[in-house]
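Quick note, the sequences are listed as chains E, Z and B, same order.
Its first residue numbered 1, the first sequence is counted upward by one per residue in the numbering used here.
Its first residue numbered 1001, the second sequence is counted upward by one per residue in the numbering used here.
Its first residue numbered 2001, the third sequence is counted upward by one per residue in the numbering used here.
Notes for the one structure printed next.
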Amino acid sequence: MSKILDVRDLKTYFRTPDGVVKAVDGISFEMMKGEILALVGESGCGKSVTVQTVMGLVKVPPALVEGQILYRDRNLVGMSNKEYRNIRGKEISMIFQEPMSTFDPLFTIGYQLTEVAKAHMEWDDQKTREEIISVLRKVNIPEPEKRYREYPHEMSGGMLQRIMIAMALITNPEIIIADEPTTALDVTIQAQVLNIMRDLQKEFDSSIIFITHDLGVVAELSDRVHVMYAGKIVEKALVSDLYNSPMHPYTRGLLNSRVKREYKGKKLPYVEGYVPRAHEFPKGCRFNPRCPHAMELCREQDPPEMSISETHAAACWLYGEDQRL
Amino acid sequence: MEGTRKRIIRNFFKHKLGVLGLIMLGVIYFIVIFSDFIAPYNYMTSHRNFVYAAPSKIRFFDDEGKWRGPFIYPITRTRNPVTYRLEFTEDRSEIIPIKLFVRGEEYKFWGIFKTDLHLFGVEASTDRAMILLFGADRFGRDLFSRVLIGGKVSMSVGLIGTFISVFIGAIVGSLSGFYGGMTDVLIQRLIELLRSFPRIPLWLALATILPPNWPSTWVYFGIVTVLSLIGWMGVARVVRGMVLSLREKEFVLAAKVSGVSNMKIITRHLVPNTISYLIVVSTLSIPGMILGESALSFLGLGIKEPMTSWGLLLKQAQSLSELESHPWLMIPGIFIILAVLSFNFVGDALRDAVDPYRAVEKV
Amino acid sequence: MLAIRGGSKVMKILQIERLKKYFPIKAGVFLQVVGHVKAMEDVNFGISKGETIGVVGESGCGKSTLGRTIVKIYEPTAGNISYFDESGREHDISKGLHRSVRPLFRRDVQMIFQNPFDSLDPRMTVRDIIREPIEAHNLVPSSEMDGYVSELLMKVGLYPEYAQRYPHEFSGGQRQRIAIARSISVNPRLIICDEPTSALDVSVQSQIINLLQELREENHISYIFISHNLDVVHHMSDRILVMYLGNVVEASSATELFDNPSHPYTKALMASIPNWSPENRKLQDVRLEGEPPSPINPPPGCPFHPRCPYRLEICDKQKPVSRALSEDHSVACWLYDR
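Okay, structure coming up:
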């Protein structure tokens, strides 16, 4: 497998009246071609800001972006908007959480999909329409010719989400970023959409970065998982390793939060405390106030990524106290 | 995280124009509040010697170049035998010093206590010399004093009128939005009916209803009432819209489920959550009121003599030829412009400060 | 109709019969009624002291409408709601809340909402928010109010100093605790929980669920627990109602439902919930196609028939009635009604 995206020490900071928000605070990760990589975390962990930075959607002044995003031998950090436009939507596409607000209510589906096609592909009108109908069929939209002329409000959330996937696929991108694509959907519709995504990924051999807070979805869909907390990546693992032998206490806490059938009548395991607000990150390891294994060191220094195996790493002093500075 | 109020105040001060407007308003209101003290004369004091006199030239050095402090020369009025125009010539023989804290005419400070202390003035009888910073009008009255005292009316009409119309509008709008149904339908149709009348003719019509033999204070309150009766409708409609959406908010439902009475829900939850809007709309409505009063008075339908307002003062500046020879009569207009601009600046800045969706901060 | 648990010894709180709620759709210049959103059809159940009834379903199933109709935010279009006050007296509250019963009902039955950001008035301090229902019912003299508010805050796991702060200073989980403190302040016997954890971070959801359970045990509160999350509903509830397009399609004790899901929709729902197990991926086996139809034009017959993999001839012609499969398990499906 070849590397398709290499993010090195990425930082995205925002200045707000309440202080500097270090939304993404030095994360590094790689993505291989043809894999589904899940970025998991709760609110404020920085997963959305990470992909927005990768897509160049963060306006640089006033925000501050440092580090490297290496894609095809180019560093996307610092690239001009003009250059980004050749990549964004064409080579790296994005699917958003709310299908209802991603589409303009004033234009038909066909029009909006054509817009995307025309911006990036050199097809004539006939070919454009054919390609659109074809990709709508691929995402299981019934009667695509009819849908072509319909407006977003005439469709359900699930259907719009599939159309959004279609929109992302038209240009046959290298990387698809899916930002909580099923969070707003009912669970039965979510199952359908996830199945489509899995089938399409196999067919097109796409590389997908999948962002979610739902560990059930992660288990169903992804190959590798990166867990984020408070602006940092705290664990990286293959999906089965993450679920079978989670290393970071936060990952363990999250996995334990699942409401299992056998807990009925008993107290549910939980993680103490709350996710810290972005301008109030604790000193040292950001998880330390909530961690059942917190040591003195954890309150002082933020742990680097410690290698547990070739494919498994965790940013936790439990796995390498000897590496302290 | 800071409180909303702090954030709003902070956002407001980022607006340079808003701060400027606030300062200007501060100055204007200060002058108006202390108008009786700052003005050298009462608004009625006049002398025919000074009819249409130009603004006094304040000098500091006499003809020999000696420093004498601020002073004026007395002026005498003569008629030019050739042009038949009235001319004023300075009598350089006498120096009339301008003093601070002089004893002048007696007045009642806001009707509370009597005093005769003025900020500045000349110790001379009015037939000999008058300090006319803005010149004099047709009756030889000091325009500066009249502008200041007229300011009391102009600046207060705006405030009181706006307060009344926003108060009525908020109540009507809340009831309309909260209860819905027939109440809402009736109130809305009524508002639409009233609004379809053209505003200015309606004002004029209502103003003429005021009996001509009313004393001028009653006329003042009559004008205020007239102005506010038109203004409340716009507020009512917007408040109704806000209440309609607030009504479905979960904290309102929670209060309802807890057994809180409807009246308490309206006063404790709905109205306070519309305050930001009400403050902004008030600030932006005041200029309309000031202009409305000015317009009415200018047309002779508003404030009556002996009270005065900026609009009434402007009435004297109606013909172009008069303005050519006595341009200082326009000065009240400048004050109106300053007041209106200041309120608009402040209102715009407030609106931007309050609107959370403009929270993208500039670094 | 679900069998009523226990006998007359158990204190009944509410009895709901054939409850229906339609919302009129108005259009045109004179706002004539052109149709109805059939949000809720023919719901029957009863709830007694100490019980928790779970209502589960996806968006548009009517579960929120059910909660809000029970608590009289909406007036029922048809059906009966009987409220039994603490002395056991029955009141018919199907049409409005009569002045005699209102103070009783509004103290006895409370509600917790889904959105922690909208359910607290942003302009009031925590103290005022919690005080409001107490004052509305004159339960505590003002001299003791502050002490009582502190007690309540501690009970839900918050510091008493938080009383003077404003909602925006708190996280979602903390705000939900404040909302819970507000609702228990008047000692209700029944609390309707409308998706109380859906808007919270995963690591915080369990905290709130534990809190609700604790309060239930200490104060013997009954809950009507509404959620789209079947696992959470199973954990909290004694009995579960599964709703689809305004209809209760299956009703059962919680354990029985998970042992023997009977209605095809219930089965589809369970099949769609991901395992947290990469080795046992199950979603590819989900056979459910199509979208939920609009509640304005529900399909004829059984509301689920267009998507049902087990569809029979009769399913699009006649709506199935709820039939008991066992003592505490009933299903509305033609597969079980021969």
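Built from N, CA and C at the ideal position, the CB exists for glycine as well.
- Item | Cut-off 6 angstroms between Cβ atoms - residues of its own chain near Asp214(E), not counting five sequence neighbours on either side | One-based indexing of the first sequence puts residue 214(E) at position 214. Within the same chain, Asp214(E) has no close Cβ partners at all.
- Item | Residue-chain proximity (Ala1349(Z), chain B), Cβ-Cβ < 8 angstroms | Within the second sequence, residue 1349(Z) is the residue found at index 349, counting from 1. So no, Ala1349(Z) is outside the interface.
- Taking DSSP as the reference, what is the three-state secondary structure of Glu2151(B)? Residue mapping note: residue 2151(B) aligns to position 151 of the third sequence, counting from 1. If DSSP states are grouped into helix, strand and coil, Glu2151(B) belongs with the helices.
- Task: Could you give the DSSP three-state label for Gln2174(B): helix, strand or coil?
- Result: Taking the first residue of the third sequence as 1, we reach residue 2174(B) at position 174. Looking at Gln2174(B) - three-state DSSP - the assignment turns out to be helix.
- Helix, strand or coil at Lys90(E) [DSSP, three-state]: For this step, residue 90(E) is matched to residue 90 along the first sequence. DSSP places Lys90(E) in coil when its eight states are reduced to three.
- Span of the alpha helix (DSSP H), counted from its first residue to its last, around Gln79(E): Against the first sequence, residue 79(E) aligns to sequence position 79. Note that residue 79(E) corresponds to Met in the displayed sequence, not to Gln. Per DSSP, Met79(E) belongs to no alpha helix (DSSP H) and is neither H nor E.
- Message: Is there a C-beta anywhere in chain E that falls below 8 angstroms from the one on Trp2334(B)?
- Response: Translated into the one-based positions of the third sequence, residue 2334(B) becomes position 334. Not one chain E Cβ lies under 8 angstroms of Trp2334(B).
- Item | Neighbouring residues, chain Z, relative to Glu2132(B) (Cβ below 7 angstroms) | Here residue 2132(B) refers to the residue found at position 132 of the third sequence. The contacting residues are Ala1255, Ser1258, Val1260.
- Item | Whole-angstrom distance between Pro1287(Z) and Glu2058(B), CA atom to CA atom | On the third sequence, residue 2058(B) is found 58 positions in, with the first residue counted as 1. On the second sequence, residue 1287(Z) is found 287 positions in, with the first residue counted as 1. Going from the Cα of Glu2058(B) to the Cα of Pro1287(Z) covers about 53 angstroms.
- Query: How many whole angstroms separate the CB atoms of Leu194(E) and Leu169(E), which I take to be in contact at a CB cut-off of 8 angstroms?
  - Reply: Counting from one through the first sequence, the residue named residue 194(E) turns up at place 194. Counting from one through the first sequence, the residue named residue 169(E) turns up at place 169. Not quite, the Cβ-Cβ distance comes to about 16 angstroms (not below 8 angstroms), so this is no contact.
- Message: Closer than 7 angstroms between beta carbons: that is the criterion. Which residues of the segment 1269-1281 of chain Z meet it against chain B?
- Response: His1269, Pro1272, Asn1273
- Message: From the DSSP secondary-structure annotation, give me the bridge partner or partners of Thr1115(Z).
- Response: Locating residue 1115(Z) in the second sequence gives position 115, counting from the first residue. Bridge partners of Thr1115(Z): Tyr1107(Z).
- Spatially closest choice to Gly2067(B) from Ala2039(B), Ser2252(B), Ala2181(B), Ala2268(B), by CA coordinates: Indexing the third sequence from 1 puts residue 2067(B) at position 67. With distances taken between Cα atoms, Gly2067(B) lies closest to Ala2039(B).
- Query: How should Gly158(E) be labelled, buried or exposed, when 16 other C-beta atoms within 10 angstroms of its C-beta is the threshold for buried?
  - Reply: If you number the first sequence from 1, residue 158(E) lands on position 158. Result: buried.
- Query: Along chain Z, in chain order, which residues have C-beta atoms closer than 8 angstroms to that of Phe2113(B)?
  - Reply: As a first step, residue 2113(B) is located in the third sequence; it is residue number 113 there, counting from the start. The answer, in chain order, is Glu1250, Leu1253, Ala1254.
- Query: Tell me the DSSP bridge mates of Asp1952(B)?
  - Reply: Given a span of 2001 to 2338 for chain B in the structure shown, any question on residue 1952(B) remains unanswerable.
- Query: So, is the C-beta of Ser245(E) closer than 8 angstroms to a C-beta in chain B?
  - Reply: For the purposes of this step, residue 245(E) is taken as residue 245 along the first sequence, with counting starting at 1. No, because no Cβ of chain B sits closer than 8 angstroms to the Cβ of Ser245(E).
- Item | 8 angstroms contact criterion, which His279(E) and Gly41(E) should meet: CB distance rounded | In the first sequence, the residue the question calls residue 279(E) occupies position 279. In the first sequence, the residue the question calls residue 41(E) occupies position 41. Contact flag wrong, Cβ pair sits at about 18 angstroms.
- Could you check where the alpha helix (DSSP H) with Asp1367(Z) kicks off and where it finishes? This structure leaves residue 1367(Z) out entirely; chain Z is present only between 1001 and 1363.
- His2049(B) lies in the alpha helix (DSSP H); which residues open and close that run? As a first step, residue 2049(B) must be located in the third sequence, where it is residue number 49. Sequence check: residue 2049(B) is Lys here, not His. Element bounds for Lys2049(B): n/a, residue is neither H nor E.
- Task: Could you have a look at Ala2268(B) and say whether DSSP puts it in helix, strand or coil?
- Result: For this step, residue 2268(B) is matched to residue 268 along the third sequence. Note: Ala2268(B) maps to helix in three-state DSSP.
- Item | Span of the alpha helix (DSSP H), counted from its first residue to its last, around Phe1298(Z) | Here residue 1298(Z) refers to the residue found at position 298 when the second sequence is read from its first residue. Per DSSP, Phe1298(Z) belongs to the alpha helix (DSSP H) from 1275-1298.
- Nearest chain B C-beta to Arg258(E) closer than 8 angstroms, yes or no? Start at 1 with the first residue of the first sequence, and residue 258(E) comes out as number 258. Judged by the 8 angstroms Cβ criterion, Arg258(E) is in contact with chain B.
- Query: In or out: Tyr1084(Z) buried (at least 16 other Cβ within 10 Å) or exposed?
  - Reply: Taking the second sequence and counting its residues from 1, the one referred to as residue 1084(Z) is at position 84. Its Cβ having fewer than 16 others within 10 Å, Tyr1084(Z) is exposed.
- Query: Using a C-beta cutoff of 8 angstroms, does Thr188(E) count as contacting chain B?
  - Reply: Here the question's residue 188(E) lines up with position 188 in the first sequence. Yes, Thr188(E) counts as interfacial toward chain B.
- Item | Selection from Val217(E), Tyr151(E), Ile196(E) that minimises the alpha carbon distance to Leu2288(B) | Translated into positions along the third sequence, residue 2288(B) becomes position 288. Comparing Cα-Cα distances from Leu2288(B) to each of Val217(E), Tyr151(E), Ile196(E), the minimum goes to Ile196(E).
- Task: Report yes if the CB atom of Ala314(E) is closer than 8 angstroms to the CB atom of Val259(E), and no otherwise.
- Result: Taking the first residue of the first sequence as position 1, residue 314(E) is located at position 314. Taking the first residue of the first sequence as position 1, residue 259(E) is located at position 259. No, they are not a contact pair.
- Query: So which of Gln1316(Z), Ile1112(Z), Val1219(Z), Phe1144(Z) has the shortest CA-CA distance to Arg1138(Z)?
  - Reply: The residue labelled residue 1138(Z) in the question sits at position 138 within the second sequence. Checking every option, the nearest Cα to that of Arg1138(Z) belongs to Gln1316(Z).
- Message: Does any residue of chain E have a CB that is nearer than 8 angstroms to the CB of Val2056(B)?
- Response: Locating residue 2056(B) in the third sequence gives position 56, where the first residue counts as 1. Output row for Val2056(B): interface = no.
- Name the residue from Tyr1073(Z), Asn1273(Z), Leu1253(Z), Leu1020(Z) whose alpha carbon lies nearest to the alpha carbon of Phe1345(Z). Walking along the second sequence from the start, residue 1345(Z) turns up at place 345. Measuring from the Cα of Phe1345(Z), the nearest candidate turns out to be Leu1020(Z).
- As assigned by DSSP and simplified to three states, the class of Val2034(B): As a first step, residue 2034(B) must be located in the third sequence, where it is residue number 34. Correct three-state label for Val2034(B): strand.
- Rounded straight-line distance, which links the Cα of Pro61(E) to that of Lys1362(Z): Translated into the one-based positions of the second sequence, residue 1362(Z) becomes position 362. Translated into the one-based positions of the first sequence, residue 61(E) becomes position 61. Because the pLDDT of Lys1362(Z) is 28, which lies under 50, any placement of that residue in the model is unreliable, and the number read from its coordinates should be weighed accordingly. Between Lys1362(Z) and Pro61(E), the C-alpha separation is close to 9 angstroms.
- Message: Would you say the beta carbon of Ile175(E) is closer than 7 angstroms to some non-hydrogen atom of the ligand PLP?
- Response: This structure does not include the ligand PLP; it has no bound ligands of any sort.
- Message: Just checking: is the beta-carbon of Ala1353(Z) within a distance shorter than 8 angstroms of some beta-carbon in chain B?
- Response: The sequence position of residue 1353(Z) within the second sequence is 353, counting from 1. Chain B, which has no Cβ nearer than 8 angstroms to the Cβ of Ala1353(Z), makes this no.
- Query: How about Gln2174(B): is its C-beta nearer than 8 angstroms to some C-beta of chain Z?
  - Reply: Here residue 2174(B) is taken as the residue at index 174 of the third sequence, counted from 1. With 8 angstroms as the cut-off, Gln2174(B) does not count as an interface residue toward chain Z.
- Closest residue to Ala1295(Z) among Gln1318(Z), Ile1279(Z), Phe1030(Z), Pro1306(Z) (Cα-Cα distance): Numbered from 1 along the second sequence, position 295 holds the residue referred to as residue 1295(Z). That would be Gln1318(Z), whose Cα lies nearest to the Cα of Ala1295(Z).
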